[in-house]
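Numbering (the numbering used here), first residue to last: 457 to 914.
A quick write-up on the structure given underneath.
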(Lines of atoms letter the chains of each structure in order from A; the text may use other names.)
(Lines give C-alpha, C1' and ligand atoms only; values in the text may rest on other atoms or scores of the structure.)
Protein backbone atom coordinates (compact mmCIF):
# COMPACT_ATOMS: atom_id res chain seq x y z
CA UNK A 457 0.00 0.00 0.00
CA UNK A 458 1.34 3.49 -0.88
CA UNK A 459 2.51 5.65 2.00
CA UNK A 460 0.21 8.40 0.64
CA UNK A 461 -2.79 6.35 1.78
CA UNK A 462 -1.52 6.17 5.34
CA UNK A 463 0.25 9.52 5.67
CA UNK A 464 -1.60 12.41 4.05
CA UNK A 465 1.05 15.00 5.10
CA UNK A 466 3.92 13.05 3.56
CA UNK A 467 1.93 12.58 0.38
CA UNK A 468 1.20 16.28 0.13
CA UNK A 469 4.88 17.14 0.67
CA UNK A 470 5.98 14.71 -2.05
CA UNK A 471 3.53 16.10 -4.57
CA UNK A 472 4.58 19.66 -3.73
CA UNK A 473 8.25 18.79 -4.22
CA UNK A 474 7.48 17.12 -7.55
CA UNK A 475 5.49 20.12 -8.67
CA UNK A 476 8.33 22.52 -7.80
CA UNK A 477 10.90 20.34 -9.56
CA UNK A 478 8.74 20.12 -12.67
CA UNK A 479 8.18 23.88 -12.57
CA UNK A 480 11.92 24.54 -12.34
CA UNK A 481 12.60 22.14 -15.20
CA UNK A 482 9.94 23.81 -17.32
CA UNK A 483 11.43 27.22 -16.51
CA UNK A 484 14.91 26.06 -17.58
CA UNK A 485 13.48 24.66 -20.81
CA UNK A 486 11.77 27.94 -21.53
CA UNK A 487 15.00 29.86 -20.83
CA UNK A 488 17.01 27.52 -23.07
CA UNK A 489 14.47 27.78 -25.83
CA UNK A 490 14.41 31.55 -25.48
CA UNK A 491 18.21 31.66 -25.58
CA UNK A 492 18.27 29.47 -28.66
CA UNK A 493 15.68 31.61 -30.36
CA UNK A 494 17.62 34.73 -29.39
CA UNK A 495 20.91 33.27 -30.64
CA UNK A 496 19.27 32.27 -33.90
CA UNK A 497 17.80 35.73 -34.20
CA UNK A 498 21.23 37.29 -33.55
CA UNK A 499 22.88 34.98 -36.09
CA UNK A 500 20.17 35.78 -38.57
CA UNK A 501 20.61 39.46 -37.89
CA UNK A 502 24.41 39.17 -38.37
CA UNK A 503 23.89 37.32 -41.64
CA UNK A 504 21.43 39.97 -42.79
CA UNK A 505 23.82 42.82 -41.91
CA UNK A 506 26.76 41.00 -43.49
CA UNK A 507 24.79 40.34 -46.68
CA UNK A 508 23.77 43.97 -46.85
CA UNK A 509 27.37 45.17 -46.45
CA UNK A 510 28.66 42.62 -48.92
CA UNK A 511 26.22 43.88 -51.55
CA UNK A 512 27.37 47.44 -50.87
CA UNK A 513 31.02 46.34 -51.24
CA UNK A 514 30.28 44.60 -54.54
CA UNK A 515 28.51 47.71 -55.79
CA UNK A 516 31.54 49.84 -54.90
CA UNK A 517 33.85 47.43 -56.74
CA UNK A 518 31.55 47.46 -59.76
CA UNK A 519 31.62 51.26 -59.84
CA UNK A 520 35.43 51.20 -59.56
CA UNK A 521 35.59 48.83 -62.53
CA UNK A 522 33.61 51.31 -64.61
CA UNK A 523 35.53 54.43 -63.59
CA UNK A 524 38.29 56.00 -65.69
CA UNK A 525 39.44 58.20 -62.80
CA UNK A 526 42.26 56.61 -60.79
CA UNK A 527 41.55 58.62 -57.66
CA UNK A 528 37.87 57.60 -57.81
CA UNK A 529 38.85 53.94 -58.30
CA UNK A 530 41.10 54.09 -55.25
CA UNK A 531 38.37 55.68 -53.15
CA UNK A 532 35.77 53.07 -54.16
CA UNK A 533 38.06 50.07 -53.67
CA UNK A 534 39.18 51.38 -50.28
CA UNK A 535 35.55 51.72 -49.22
CA UNK A 536 34.82 48.16 -50.38
CA UNK A 537 37.79 46.92 -48.35
CA UNK A 538 36.49 48.75 -45.28
CA UNK A 539 33.07 47.15 -45.65
CA UNK A 540 34.51 43.65 -46.05
CA UNK A 541 36.90 44.06 -43.10
CA UNK A 542 33.98 45.27 -40.98
CA UNK A 543 32.08 42.07 -41.76
CA UNK A 544 35.00 40.05 -40.36
CA UNK A 545 35.59 42.16 -37.24
CA UNK A 546 32.05 43.26 -36.29
CA UNK A 547 29.97 40.35 -37.60
CA UNK A 548 32.20 37.32 -36.96
CA UNK A 549 29.26 34.92 -36.53
CA UNK A 550 27.97 35.56 -40.02
CA UNK A 551 28.51 33.04 -42.81
CA UNK A 552 30.16 35.70 -44.95
CA UNK A 553 32.73 36.47 -42.23
CA UNK A 554 33.77 32.80 -42.19
CA UNK A 555 34.01 32.73 -45.98
CA UNK A 556 36.09 35.91 -46.11
CA UNK A 557 38.50 34.99 -43.35
CA UNK A 558 39.12 31.58 -44.96
CA UNK A 559 39.61 33.13 -48.42
CA UNK A 560 36.71 31.24 -50.01
CA UNK A 561 35.12 32.22 -53.29
CA UNK A 562 31.78 33.96 -52.73
CA UNK A 563 29.98 33.49 -56.01
CA UNK A 564 32.60 34.66 -58.49
CA UNK A 565 34.22 37.05 -55.99
CA UNK A 566 37.83 36.11 -55.15
CA UNK A 567 38.85 37.82 -51.89
CA UNK A 568 42.53 36.93 -52.34
CA UNK A 569 42.59 38.51 -55.78
CA UNK A 570 40.78 41.57 -54.41
CA UNK A 571 43.48 41.98 -51.73
CA UNK A 572 46.13 41.67 -54.42
CA UNK A 573 44.36 44.37 -56.41
CA UNK A 574 44.33 46.62 -53.35
CA UNK A 575 48.08 46.20 -52.91
CA UNK A 576 48.44 47.11 -56.56
CA UNK A 577 46.94 50.53 -55.83
CA UNK A 578 50.35 51.53 -54.49
CA UNK A 579 51.36 51.84 -58.14
CA UNK A 580 49.57 55.15 -58.46
CA UNK A 581 53.19 56.24 -57.96
CA UNK A 582 54.94 53.74 -60.27
CA UNK A 583 58.43 54.66 -59.09
CA UNK A 584 57.73 54.26 -55.36
CA UNK A 585 59.31 51.47 -53.35
CA UNK A 586 55.84 50.15 -52.57
CA UNK A 587 55.06 49.78 -56.27
CA UNK A 588 58.46 48.28 -57.09
CA UNK A 589 58.00 45.69 -54.31
CA UNK A 590 54.49 44.92 -55.52
CA UNK A 591 55.73 44.27 -59.05
CA UNK A 592 58.61 42.09 -57.85
CA UNK A 593 56.18 40.06 -55.74
CA UNK A 594 54.32 39.36 -58.97
CA UNK A 595 57.43 37.49 -60.15
CA UNK A 596 57.43 35.18 -57.12
CA UNK A 597 55.75 31.77 -57.43
CA UNK A 598 53.13 30.98 -54.74
CA UNK A 599 54.18 29.03 -51.66
CA UNK A 600 53.39 25.33 -51.93
CA UNK A 601 52.05 23.59 -48.83
CA UNK A 602 53.17 21.65 -46.94
CA UNK A 603 56.46 23.53 -46.95
CA UNK A 604 59.28 21.14 -47.79
CA UNK A 605 62.11 23.57 -48.51
CA UNK A 606 63.09 27.13 -47.58
CA UNK A 607 61.90 29.71 -50.07
CA UNK A 608 64.63 32.28 -50.46
CA UNK A 609 62.38 34.42 -52.64
CA UNK A 610 59.57 34.77 -50.09
CA UNK A 611 61.96 35.22 -47.18
CA UNK A 612 63.81 37.89 -49.17
CA UNK A 613 60.48 39.61 -49.76
CA UNK A 614 59.88 39.60 -45.99
CA UNK A 615 63.26 41.24 -45.37
CA UNK A 616 62.49 43.85 -48.02
CA UNK A 617 59.12 44.65 -46.46
CA UNK A 618 60.72 44.95 -43.01
CA UNK A 619 63.21 47.57 -44.17
CA UNK A 620 61.48 49.47 -46.97
CA UNK A 621 57.90 48.19 -47.22
CA UNK A 622 54.96 47.05 -45.10
CA UNK A 623 56.14 45.56 -41.81
CA UNK A 624 52.73 44.05 -41.10
CA UNK A 625 53.39 41.56 -43.90
CA UNK A 626 56.65 40.25 -42.40
CA UNK A 627 55.33 37.81 -39.78
CA UNK A 628 52.68 36.20 -42.01
CA UNK A 629 55.38 35.48 -44.61
CA UNK A 630 58.09 34.22 -42.25
CA UNK A 631 56.04 32.32 -39.64
CA UNK A 632 55.18 29.28 -41.82
CA UNK A 633 58.87 28.76 -42.65
CA UNK A 634 59.89 29.04 -38.99
CA UNK A 635 57.23 26.47 -38.06
CA UNK A 636 58.36 24.14 -40.86
CA UNK A 637 61.95 24.47 -39.68
CA UNK A 638 60.96 23.59 -36.12
CA UNK A 639 59.04 20.52 -37.22
CA UNK A 640 61.78 19.37 -39.58
CA UNK A 641 59.97 20.32 -42.76
CA UNK A 642 62.90 22.27 -44.21
CA UNK A 643 65.76 20.11 -43.00
CA UNK A 644 67.45 17.27 -44.83
CA UNK A 645 70.34 14.90 -44.30
CA UNK A 646 72.35 16.61 -47.03
CA UNK A 647 72.04 20.25 -46.02
CA UNK A 648 70.02 22.35 -43.64
CA UNK A 649 68.29 25.62 -44.31
CA UNK A 650 70.64 28.58 -44.24
CA UNK A 651 68.26 31.49 -44.74
CA UNK A 652 65.51 31.33 -42.10
CA UNK A 653 67.97 32.33 -39.38
CA UNK A 654 69.37 35.14 -41.52
CA UNK A 655 65.85 36.40 -42.24
CA UNK A 656 64.99 36.46 -38.55
CA UNK A 657 68.19 38.34 -37.73
CA UNK A 658 67.49 40.88 -40.46
CA UNK A 659 63.92 41.44 -39.28
CA UNK A 660 64.70 42.17 -35.64
CA UNK A 661 64.37 38.64 -34.22
CA UNK A 662 67.99 38.01 -33.24
CA UNK A 663 67.16 35.95 -30.13
CA UNK A 664 64.98 33.57 -32.12
CA UNK A 665 67.62 33.40 -34.87
CA UNK A 666 70.22 32.36 -32.30
CA UNK A 667 67.86 29.84 -30.70
CA UNK A 668 67.23 28.15 -34.04
CA UNK A 669 70.89 28.33 -35.05
CA UNK A 670 72.09 26.65 -31.86
CA UNK A 671 69.84 23.71 -32.67
CA UNK A 672 72.15 22.75 -35.56
CA UNK A 673 75.20 20.68 -34.69
CA UNK A 674 76.90 20.61 -38.11
CA UNK A 675 79.70 23.04 -38.87
CA UNK A 676 78.24 24.44 -42.06
CA UNK A 677 74.80 25.50 -40.82
CA UNK A 678 75.97 26.70 -37.41
CA UNK A 679 78.88 28.79 -38.71
CA UNK A 680 76.98 30.20 -41.69
CA UNK A 681 74.08 31.26 -39.50
CA UNK A 682 76.29 32.74 -36.78
CA UNK A 683 78.22 34.66 -39.44
CA UNK A 684 74.94 35.99 -40.87
CA UNK A 685 73.83 37.09 -37.41
CA UNK A 686 77.13 38.89 -36.82
CA UNK A 687 76.67 40.73 -40.10
CA UNK A 688 73.08 41.70 -39.23
CA UNK A 689 74.08 42.95 -35.79
CA UNK A 690 76.88 45.12 -37.20
CA UNK A 691 74.40 46.72 -39.61
CA UNK A 692 72.11 47.38 -36.65
CA UNK A 693 75.01 48.99 -34.75
CA UNK A 694 74.99 46.44 -31.91
CA UNK A 695 78.75 45.86 -31.97
CA UNK A 696 79.07 44.38 -28.48
CA UNK A 697 76.59 41.62 -29.21
CA UNK A 698 78.07 41.12 -32.69
CA UNK A 699 81.47 40.58 -31.07
CA UNK A 700 79.98 38.04 -28.65
CA UNK A 701 78.41 36.06 -31.51
CA UNK A 702 81.68 36.23 -33.49
CA UNK A 703 83.48 34.75 -30.47
CA UNK A 704 80.80 32.06 -30.27
CA UNK A 705 81.43 31.15 -33.90
CA UNK A 706 85.18 31.07 -33.33
CA UNK A 707 84.85 28.80 -30.29
CA UNK A 708 82.39 26.47 -32.02
CA UNK A 709 84.73 26.12 -35.01
CA UNK A 710 87.65 25.35 -32.66
CA UNK A 711 85.86 22.76 -30.52
CA UNK A 712 84.19 21.02 -33.48
CA UNK A 713 87.23 21.12 -35.74
CA UNK A 714 85.43 23.08 -38.46
CA UNK A 715 87.97 23.81 -41.22
CA UNK A 716 85.99 24.58 -44.37
CA UNK A 717 84.10 27.44 -42.66
CA UNK A 718 87.09 29.29 -41.21
CA UNK A 719 86.97 31.90 -43.95
CA UNK A 720 83.56 32.90 -42.61
CA UNK A 721 84.91 33.02 -39.06
CA UNK A 722 87.73 35.30 -40.21
CA UNK A 723 85.23 37.63 -41.90
CA UNK A 724 83.15 37.76 -38.70
CA UNK A 725 86.18 38.68 -36.61
CA UNK A 726 87.09 41.38 -39.11
CA UNK A 727 83.56 42.83 -39.02
CA UNK A 728 83.71 43.35 -35.27
CA UNK A 729 87.11 45.03 -35.43
CA UNK A 730 89.35 42.09 -34.44
CA UNK A 731 91.58 42.47 -37.49
CA UNK A 732 94.77 40.97 -36.01
CA UNK A 733 93.00 37.76 -34.97
CA UNK A 734 91.15 37.64 -38.28
CA UNK A 735 94.39 37.95 -40.24
CA UNK A 736 96.14 35.28 -38.18
CA UNK A 737 93.25 32.86 -38.59
CA UNK A 738 93.06 33.61 -42.31
CA UNK A 739 96.77 33.02 -42.97
CA UNK A 740 96.82 29.79 -40.95
CA UNK A 741 93.73 28.56 -42.81
CA UNK A 742 95.22 29.39 -46.21
CA UNK A 743 98.39 27.50 -45.34
CA UNK A 744 96.45 24.46 -44.15
CA UNK A 745 94.07 24.45 -47.12
CA UNK A 746 96.86 24.71 -49.68
CA UNK A 747 98.80 22.00 -47.84
CA UNK A 748 95.82 19.62 -48.00
CA UNK A 749 95.30 20.42 -51.68
CA UNK A 750 98.97 19.92 -52.48
CA UNK A 751 99.04 16.56 -50.69
CA UNK A 752 95.79 15.57 -52.45
CA UNK A 753 94.02 15.22 -49.10
CA UNK A 754 91.14 17.48 -49.98
CA UNK A 755 89.77 20.25 -52.14
CA UNK A 756 91.07 23.78 -52.16
CA UNK A 757 89.47 26.00 -51.13
CA UNK A 758 86.19 27.27 -49.66
CA UNK A 759 84.86 30.25 -51.63
CA UNK A 760 84.50 32.31 -48.46
CA UNK A 761 88.27 32.05 -47.99
CA UNK A 762 88.76 33.76 -51.34
CA UNK A 763 86.38 36.54 -50.28
CA UNK A 764 88.26 36.94 -46.99
CA UNK A 765 91.48 37.18 -49.03
CA UNK A 766 90.05 40.23 -50.75
CA UNK A 767 90.02 41.96 -47.36
CA UNK A 768 93.04 40.38 -45.68
CA UNK A 769 95.44 38.87 -48.26
CA UNK A 770 97.75 40.42 -50.80
CA UNK A 771 96.50 40.86 -54.36
CA UNK A 772 98.28 37.86 -55.84
CA UNK A 773 97.04 35.54 -53.07
CA UNK A 774 93.47 36.82 -53.42
CA UNK A 775 93.46 36.39 -57.21
CA UNK A 776 95.05 32.95 -56.87
CA UNK A 777 92.34 31.80 -54.49
CA UNK A 778 89.70 33.38 -56.73
CA UNK A 779 90.88 31.45 -59.79
CA UNK A 780 90.67 28.26 -57.74
CA UNK A 781 87.05 28.71 -56.67
CA UNK A 782 85.40 30.88 -59.33
CA UNK A 783 84.24 28.09 -61.63
CA UNK A 784 82.04 26.50 -58.98
CA UNK A 785 81.29 29.77 -57.16
CA UNK A 786 81.19 32.59 -59.73
CA UNK A 787 79.57 34.91 -57.17
CA UNK A 788 83.02 35.29 -55.61
CA UNK A 789 84.38 37.22 -58.62
CA UNK A 790 82.63 40.57 -57.99
CA UNK A 791 83.07 40.16 -54.23
CA UNK A 792 86.83 39.60 -54.34
CA UNK A 793 87.54 42.14 -57.08
CA UNK A 794 85.42 44.79 -55.37
CA UNK A 795 87.38 44.34 -52.16
CA UNK A 796 90.69 44.60 -53.98
CA UNK A 797 89.46 47.74 -55.76
CA UNK A 798 88.63 49.32 -52.41
CA UNK A 799 92.20 48.59 -51.30
CA UNK A 800 93.58 50.55 -54.26
CA UNK A 801 94.17 47.84 -56.86
CA UNK A 802 93.13 49.16 -60.28
CA UNK A 803 94.82 47.53 -63.26
CA UNK A 804 94.43 43.86 -62.40
CA UNK A 805 90.83 44.15 -61.26
CA UNK A 806 89.77 46.02 -64.42
CA UNK A 807 91.57 43.54 -66.67
CA UNK A 808 89.96 40.65 -64.83
CA UNK A 809 86.48 42.17 -65.19
CA UNK A 810 86.92 43.04 -68.89
CA UNK A 811 87.68 39.40 -69.71
CA UNK A 812 84.51 37.98 -68.17
CA UNK A 813 82.20 36.32 -70.70
CA UNK A 814 78.98 36.15 -68.66
CA UNK A 815 77.29 39.51 -69.31
CA UNK A 816 75.25 39.59 -66.09
CA UNK A 817 78.31 38.69 -64.03
CA UNK A 818 80.41 41.29 -65.82
CA UNK A 819 77.83 43.99 -65.06
CA UNK A 820 77.74 43.02 -61.38
CA UNK A 821 81.53 43.05 -61.23
CA UNK A 822 81.72 46.55 -62.71
CA UNK A 823 79.28 47.78 -60.06
CA UNK A 824 81.38 46.26 -57.26
CA UNK A 825 84.46 47.91 -58.78
CA UNK A 826 82.62 51.25 -58.90
CA UNK A 827 81.75 50.83 -55.22
CA UNK A 828 85.36 49.97 -54.40
CA UNK A 829 86.70 52.94 -56.37
CA UNK A 830 84.36 55.33 -54.56
CA UNK A 831 85.41 53.89 -51.20
CA UNK A 832 89.01 54.63 -52.10
CA UNK A 833 88.03 58.18 -53.19
CA UNK A 834 88.81 57.61 -56.88
CA UNK A 835 85.79 59.19 -58.60
CA UNK A 836 87.58 59.33 -61.98
CA UNK A 837 88.09 55.58 -62.05
CA UNK A 838 84.50 55.04 -60.95
CA UNK A 839 83.36 57.13 -63.91
CA UNK A 840 85.52 55.04 -66.26
CA UNK A 841 83.94 51.88 -64.89
CA UNK A 842 80.48 53.39 -65.33
CA UNK A 843 81.28 53.88 -69.03
CA UNK A 844 82.24 50.19 -69.25
CA UNK A 845 78.91 49.30 -67.65
CA UNK A 846 77.03 51.47 -70.14
CA UNK A 847 78.50 49.42 -72.99
CA UNK A 848 77.24 46.22 -71.36
CA UNK A 849 73.77 47.77 -71.02
CA UNK A 850 73.81 48.72 -74.71
CA UNK A 851 74.86 45.20 -75.73
CA UNK A 852 72.40 43.33 -73.49
CA UNK A 853 69.36 44.90 -71.82
CA UNK A 854 68.69 41.94 -69.54
CA UNK A 855 66.86 42.42 -66.22
CA UNK A 856 70.07 41.80 -64.28
CA UNK A 857 72.17 44.20 -66.36
CA UNK A 858 69.56 46.96 -66.02
CA UNK A 859 69.33 46.27 -62.29
CA UNK A 860 73.12 46.66 -62.00
CA UNK A 861 72.85 49.98 -63.84
CA UNK A 862 70.37 51.09 -61.16
CA UNK A 863 72.81 50.08 -58.42
CA UNK A 864 75.59 52.04 -60.10
CA UNK A 865 73.34 55.10 -60.51
CA UNK A 866 72.62 55.04 -56.77
CA UNK A 867 76.35 54.90 -55.98
CA UNK A 868 77.34 57.63 -58.42
CA UNK A 869 74.52 60.17 -58.11
CA UNK A 870 72.58 61.82 -55.32
CA UNK A 871 69.29 61.97 -57.25
CA UNK A 872 66.61 59.37 -57.99
CA UNK A 873 67.62 58.47 -61.56
CA UNK A 874 68.26 54.89 -60.47
CA UNK A 875 64.49 54.36 -60.32
CA UNK A 876 64.19 54.60 -64.11
CA UNK A 877 66.75 51.82 -64.61
CA UNK A 878 65.12 49.73 -61.90
CA UNK A 879 61.68 50.12 -63.48
CA UNK A 880 63.15 48.99 -66.79
CA UNK A 881 64.72 45.95 -65.10
CA UNK A 882 61.38 44.86 -63.62
CA UNK A 883 59.69 45.45 -66.95
CA UNK A 884 62.18 43.17 -68.71
CA UNK A 885 61.67 40.54 -66.00
CA UNK A 886 57.89 40.71 -66.36
CA UNK A 887 58.17 40.20 -70.11
CA UNK A 888 60.54 37.24 -69.70
CA UNK A 889 59.55 33.60 -69.43
CA UNK A 890 60.87 30.60 -67.54
CA UNK A 891 63.11 32.45 -65.08
CA UNK A 892 60.73 34.92 -63.43
CA UNK A 893 61.07 33.36 -59.97
CA UNK A 894 64.87 33.32 -60.25
CA UNK A 895 64.86 37.04 -60.98
CA UNK A 896 62.85 38.06 -57.92
CA UNK A 897 65.67 37.49 -55.42
CA UNK A 898 68.37 39.55 -57.15
CA UNK A 899 65.86 42.34 -57.78
CA UNK A 900 64.89 42.35 -54.10
CA UNK A 901 68.54 42.24 -53.06
CA UNK A 902 69.38 45.23 -55.26
CA UNK A 903 66.38 47.28 -54.07
CA UNK A 904 67.13 46.68 -50.40
CA UNK A 905 70.82 47.48 -50.90
CA UNK A 906 70.02 50.67 -52.80
CA UNK A 907 67.71 51.93 -50.07
CA UNK A 908 69.59 50.77 -46.96
CA UNK A 909 73.21 50.87 -48.12
CA UNK A 910 73.72 47.25 -47.04
CA UNK A 911 73.91 44.16 -49.22
CA UNK A 912 71.55 42.26 -46.93
CA UNK A 913 70.43 39.65 -49.45
CA UNK A 914 73.63 39.05 -51.40
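Backbone N, C-alpha and C fix where the C-beta goes; we use that ideal spot for every residue, glycine too.
Reference residue 908, options 725, 658, 540, 564, closest by Cα
Residue 908 sits at position 452 when you count from the first residue of the chain shown. Of the candidates 725, 658, 540, 564, the one whose C-alpha sits nearest the C-alpha of residue 908 is 658.
Are the CB atoms of residue 544 and residue 553 nearer to each other than 7 Å?
As a working note, residue 544 is residue 88 in the chain shown. As a working note, residue 553 is residue 97 in the chain shown. Yes. Within cutoff.
Relative to the C-alpha of residue 780, which residue among 767, 795, 586, 763 is closest?
If you number the chain shown from 1, residue 780 lands on position 324. Comparing Cα-Cα distances from residue 780 to each of 767, 795, 586, 763, the minimum goes to 763.
Using 8 Å as the Cβ pair cut-off and three pairs as the minimum, do the stretch 844-861 and the stretch 558-569 touch?
no
From residue 733 to residue 592, what distance separates their C-alpha atoms?
Here residue 733 is taken as the residue at index 277 of the chain shown, counted from 1. Here residue 592 is taken as the residue at index 136 of the chain shown, counted from 1. Computed Cα separation, rounded: 42 Å.
Rounding to the nearest angstrom, what Cα-Cα distance links residue 905 and residue 672 in this structure?
Here residue 905 corresponds to residue number 449 of the chain shown, with the count starting at 1. Here residue 672 corresponds to residue number 216 of the chain shown, with the count starting at 1. Approximately 29 Å between the Cα atoms of the pair.
Using the C-alpha atoms, what's the distance from residue 508 back to residue 894?
Sequence index remark: in the chain shown, residue 894 carries index 438 (1-based). Sequence index remark: in the chain shown, residue 508 carries index 52 (1-based). Computed Cα separation, rounded: 45 Å.
With distances taken Cα to Cα, identify the nearest neighbour of residue 766 among 744, 791, 636.
As a working mapping, residue 766 is identified with position 310 in the chain shown. For residue 766, the nearest C-alpha among the options comes from 791.
At the level of alpha carbons, what is the spacing between residue 741 and residue 716?
By one-based count along the chain shown, residue 741 stands at place 285. By one-based count along the chain shown, residue 716 stands at place 260. Roughly 9 Å separates the two Cα atoms.
On the criterion of 16 or more Cβ atoms from any shown chain inside 10 Å, does residue 604 qualify as buried, or is it exposed?
The sequence position of residue 604 within the chain shown is 148, counting from 1. Exposed, by the Cβ-count rule.
Straight-line gap, residue 720 to residue 572 (C-alpha atoms, nearest Å):
Within the chain shown, numbered from 1, the residue matching residue 720 stands at position 264. Within the chain shown, numbered from 1, the residue matching residue 572 stands at position 116. Their Cα atoms are separated by approximately 40 Å.
Helix or strand or just coil, what does DSSP make of residue 633?
Residue mapping note: residue 633 aligns to position 177 of the chain shown, counting from 1. Note: residue 633 maps to helix in three-state DSSP.
Tell me the DSSP secondary structure of residue 603 in three-state form.
Position 147 of the chain shown, counted from the first residue, corresponds to residue 603. Here residue 603 sits in coil by DSSP.
Report yes if the CB atom of residue 823 is closer than 7 Å to the CB atom of residue 782, and no otherwise.
Here residue 823 is taken as the residue at index 367 of the chain shown, counted from 1. Here residue 782 is taken as the residue at index 326 of the chain shown, counted from 1. Not closer than 7 Å, so no.
Tell me which same chain residues have a C-beta within less than 6 Å of the C-beta of residue 608, skipping the five on either side of it?
Mapped onto the chain shown, residue 608 falls at position 152. Same-chain partners within the cutoff: 651, 897.
Checking 7 Å against the spacing of the C-beta atoms, do residue 532 and residue 885 come in under that value?
Translated into the one-based positions of the chain shown, residue 532 becomes position 76. Translated into the one-based positions of the chain shown, residue 885 becomes position 429. The Cβ atoms of residue 532 and residue 885 lie no closer than 7 Å to each other.
Got a sec? Which residues, its chain only, sit under 6 Å from residue 835 by beta carbon, not counting five neighbours each side?
Here residue 835 refers to the residue found at position 379 when the chain shown is read from its first residue. Around residue 835: no qualifying Cβ.
Quick check: the Cα distance between residue 512 and residue 539, rounded to an integer number of angstroms?
Numbered from its first residue, the chain shown carries residue 512 at position 56. Numbered from its first residue, the chain shown carries residue 539 at position 83. Inter-residue distance for residue 512 and residue 539 is about 8 Å (C-alpha atoms, whole angstroms).
Return helix, strand or coil for residue 565, following the three-state DSSP convention.
For the purposes of this step, residue 565 is identified with residue 109 of the chain shown, where counting begins at 1. Reduced to three states, the DSSP call for residue 565 is strand.
Just verifying my parser: in three-state terms, what is the DSSP assignment at residue 708?
By 1-based counting over the chain shown, the position of residue 708 is 252. Helix.
Please report the straight-line C-alpha distance between residue 833 and residue 796, rounded to a whole angstrom.
Position 377 of the chain shown, counting from 1, holds the residue named residue 833. Position 340 of the chain shown, counting from 1, holds the residue named residue 796. Between the alpha carbons of residue 833 and residue 796 lies a distance of about 14 Å.
May I have the straight-line CA-CA distance separating residue 842 from residue 718, to the nearest angstrom?
Here residue 842 refers to the residue found at position 386 of the chain shown. Here residue 718 refers to the residue found at position 262 of the chain shown. Those two C-alpha atoms are separated by around 35 Å.
Which residue comes first and which comes last in the alpha helix (DSSP H) that contains residue 933?
Nothing about residue 933 can be read from this structure; the chain reaches only from 457 to 914.
Could you check the C-alpha separation between residue 683 and residue 730 for me, to the nearest Å?
By 1-based counting over the chain shown, the position of residue 683 is 227. By 1-based counting over the chain shown, the position of residue 730 is 274. Those two C-alpha atoms are separated by around 14 Å.
Do residue 709 and residue 685 have their beta-carbon atoms positioned less than 7 Å apart in this structure?
If you number the chain shown from 1, residue 685 lands on position 229. If you number the chain shown from 1, residue 709 lands on position 253. It is not a contact, given that the beta carbons lie outside the stated cut-off.
Throw me the rounded Cβ distance for the residue 828 and residue 794 pair, which I believe falls under 8 Å.
In the chain shown, the residue the question calls residue 828 occupies position 372. In the chain shown, the residue the question calls residue 794 occupies position 338. Contact flag correct, Cβ pair sits at about 5 Å.
Smallest Cα separation from residue 950: which of 634, 831, 773?
Summary: the structure shown does not reach residue 950, with the chain confined to residues 457 through 914, and so no result is reported for it.
To which residues of the same chain is residue 655 closer than 7 Å at the C-beta, ignoring the five residues directly before and after it?
Along the chain shown, read from residue 1 onward, the residue named residue 655 stands at position 199. Counting only Cβ-Cβ distances below 7 Å, and skipping sequence neighbours, we find 611, 614, 615, 630.
Using 6 Å as the cut-off, classify the Cβ of residue 628 as near or not near the heavy atoms of the ligand ADP, replying yes or no.
Among the ligands in the structure shown, none appear at all, so the ligand ADP cannot be discussed.
What three-state label does DSSP hand residue 490 in the structure shown?
For the purposes of this step, residue 490 is identified with residue 34 of the chain shown, where counting begins at 1. With a pLDDT of only 49 at residue 490, under 50, the local geometry of the prediction cannot be trusted, and the value read off the model is given with reservation. Residue 490 falls in the helix class under three-state DSSP.
Distance check for residue 633 and residue 677, CA to CA, integer angstroms please.
On the chain shown, residue 677 is found 221 positions in, with the first residue counted as 1. On the chain shown, residue 633 is found 177 positions in, with the first residue counted as 1. When rounded, the distance between both Cα atoms is 16 Å.
Which stretch, first to last residue, makes up the alpha helix (DSSP H) that contains residue 881?
The sequence position of residue 881 within the chain shown is 425, counting from 1. 874-887 is the extent of the alpha helix (DSSP H) around residue 881.
Where residue 659 sits in the DSSP three-state scheme:
As a first step, residue 659 must be located in the chain shown, where it is residue number 203. Note: residue 659 maps to coil in three-state DSSP.
Range of the contiguous alpha helix (DSSP H) that encloses residue 790:
In the chain shown, the residue the question calls residue 790 occupies position 334. Unbroken alpha helix (DSSP H) run through residue 790: 788-798.
Would you say residue 789 and residue 816 are within 7 Å of each other, going by their C-beta atoms?
The sequence position of residue 789 within the chain shown is 333, counting from 1. The sequence position of residue 816 within the chain shown is 360, counting from 1. No. Outside cutoff.
Determine, using beta carbons only, whether residue 695 comes closer than 7 Å to chain D.
Going by chain labels, chain D is absent from the structure shown, which holds only one protein chain.
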